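Read the structure below first, then the notes.
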Amino acid sequence: MKNLPVLMAFFAITLISCQAPVPSGEPDLHQHIRFNQVGYYPTALKEFVVADYEAATFVILDEEGKKAFDGTLVNKGKWEASGETVMAGNFSGLSKPGIYTIQLNTGRVSAPFEINMGVYGSALDASIKSFYFQRASMSIEEQFGGEWHRASGHPDDQCLFHPSSGKTEGTLYSPGGWYDAGDYGKYVVNAAITVSQMLNLLEMVPKAIPGDKLNIPESGNGIPDLLDEIRYELDWVMTMQDEDGGVFHKLTALNFGGFIMPEEYDLDRYIIGKGTYSSLTFAAVMAQASRIYAETDPEFAATALTAAEPAWEWAVAHPEVYFRNPEDVVTGQYGDNDSSDDFYWAAAELLISTGKG
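Counted the way the working numbering counts, the sequence shown spans residues 477 to 833.
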């Protein structure tokens with residue numbers, strides 16, 4: 477448990493069950509019994525909640541209907557966020573792998589759940605595969621994306637420079653990368669933090685996602701799929717570095733494009749802003765990437781480190797260039813008024829990668 481990766485925790489452990497009513501003829505699965513649908517590690521904390529329903533005790537039943545654990549529900553009072561009165565049960569003492577259900581003393585029973593050391597594997601794989609679906613500037617083919625296949629959008633091969641970038645003419649070739657959370661923008665700060673979490677996973681648990689199990693276009697090329705997916709983002713991030721070492725803040729339109737498919741998007745795309753925050757997060761993630769890719773792609777690793785150092789130098793020379801959306805831009809700002817934490821992060825990654833303080 478001490479090495480549980482952040483990604484696994486974020487994408488798996490927080491999934492809580494809320495069952496819908498069950499058709500007649502099936503077991504009476506009580507929708508107010510809420511638990512982790514993905515499952516539990518054998519030695520992990522194991523809790524569930526009973527909401528707006530009166531019960532006093534519970535038992536955990538194995539697949540054969542035999543009691544594996546019993547306990548008493550604890551009244552936690554009213555949860556203001558949902559308006560529900562909550563009872564909590566804890567069965568952390570049950571560690572034997574298997575399929576189980578929760579039965580209340582009233583007879584109501586939950587849907588099945590699993591206790592197993594590999595229980596978060598599929599959730600982790602799916603969470604990482606989700607980044608493939610976020611790829612810009614390429615189509616998602618049916619053989620890799622299944623029912624979520626789609627056409628390509630946002631080639632980003634002639635992006636205009638917004639005045640906030642410090643440039644007034646020309647265009648930038650900046651294809652690739654991942655779309656941001658709920659829009660078609662591409663943001664350096666978000667990219668750096670997201671990729672860093674994935675690289676942390678690889679540093680802490682190198683075999684968390686082994687080999688070519690994600691079914692992406694690069695699968696089978698001899699490089700782990702996770703490194704391939706990260707590389708798709710990093711290749712774009714590298715295009716956002718200016719000649720003087722500083723890094724542009726984001727690539728978006730002036731306004732959000734609406735809820736449309738990528739190929740339907742027809743707004744001009746701009747390179748917007750350049751600042752301390754984006755330069756430092758760029759320097760940090762590129763320095764970290766240089767270590768992770770050293771074995772599988774030493775040429776790229778060297779390129780990443782070579783890019784990281786001038787970004788750091790630019791930030792040192794411009795320590796308080798804080799980004800704010802220009803008046804004509806309404807896409808995600810992701811600003812910051814204090815870059816001390818980013819200086820620390822970038823300095824630490826560079827020290828680890830170069831040995832130079």
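Note that beta-carbon positions come from the ideal geometry of N, C-alpha and C, so glycine has one too.
In this text the structure is predicted, and so the values were computed from the model without any measurement.
Within the region 628-676, note down every full beta strand (DSSP E) run reaching 3 residues or more, in order along the chain.
635-637
What separation, rounded to the nearest whole angstrom, lies between the Cα atoms of Ile536 and Leu600?
If you take the alpha carbons of Ile536 and Leu600, they lie about 26 Å apart.
With C-beta atoms as the reference, is Ala668 less than 7 Å away from Val805?
no
Between which two residues does the beta strand (DSSP E) harbouring Trp555 extend?
550-555
If we count Cβ pairs, one from each stretch, closer than 8 Å, do we get three or more for the region 511-530 versus the region 557-567?
yes
Inside the region 728-781 only - beta strand (DSSP E) runs reaching at least 3 residues
746-750
First and last residue of the beta strand (DSSP E) that includes Val713?
Not the beta strand (DSSP E): Val713 falls in the alpha helix (DSSP H), residues 701-715.
Exposure of Asp818, with buried meaning 16 or more beta-carbon neighbours within 10 Å
Around the CB of Asp818, 16 or more other CB atoms lie within 10 Å, so the residue is classed as buried.
Please name the residue in Tyr576, Tyr820, Gly687, Gly583 whose C-alpha comes closest to that of Gly698.
Gly687
Taking Ala791 and Thr752 to be in contact with their CB atoms under 8 Å, please state how far apart those CB atoms are, rounded to whole angstroms.
5 Å
Closest by CA to Met593, which one among Asn581, Thr807, Ile575?
Ile575
Let's test the definition: count the other Cβ atoms within 10 Å of the Cβ of Ile747 and tell me whether it reaches 16, buried, or not, exposed.
buried
Express the C-alpha separation of Tyr810 and Lys605 in angstroms, rounding to a whole number.
25 Å
Kindly indicate which residue of Thr577, Val550, Ile685 has the alpha-carbon position closest to the one of Ala544.
Thr577
Rounded to the nearest angstrom, what separates Leu703 and Tyr769 at their Cα positions?
So the alpha carbons of these two residues sit roughly 8 Å apart.
What is the rounded straight-line gap between the Cα of Ala627 and the Cα of Glu740?
CA-to-CA, the gap between Ala627 and Glu740 works out to about 10 Å.
Between the region 708-721 and the region 646-657, do at least 3 Cβ pairs fall closer than 8 Å?
yes
Return the bridge partner residues of Thr561 from the DSSP annotation.
Bridge partners of Thr561: Lys554.
Decide if Asn512 is buried, meaning its Cβ has at least 16 other Cβ atoms within 10 Å, or exposed.
buried
I need the boundaries of the beta strand (DSSP E) containing Gln579, first residue and last residue.
574-580
Taking 8 Å as the limit between beta carbons, can you name the residues of its chain near Ile692, skipping five residues before and five after?
Lys605, Tyr608, Phe620, Asp701, Asp704, Glu705
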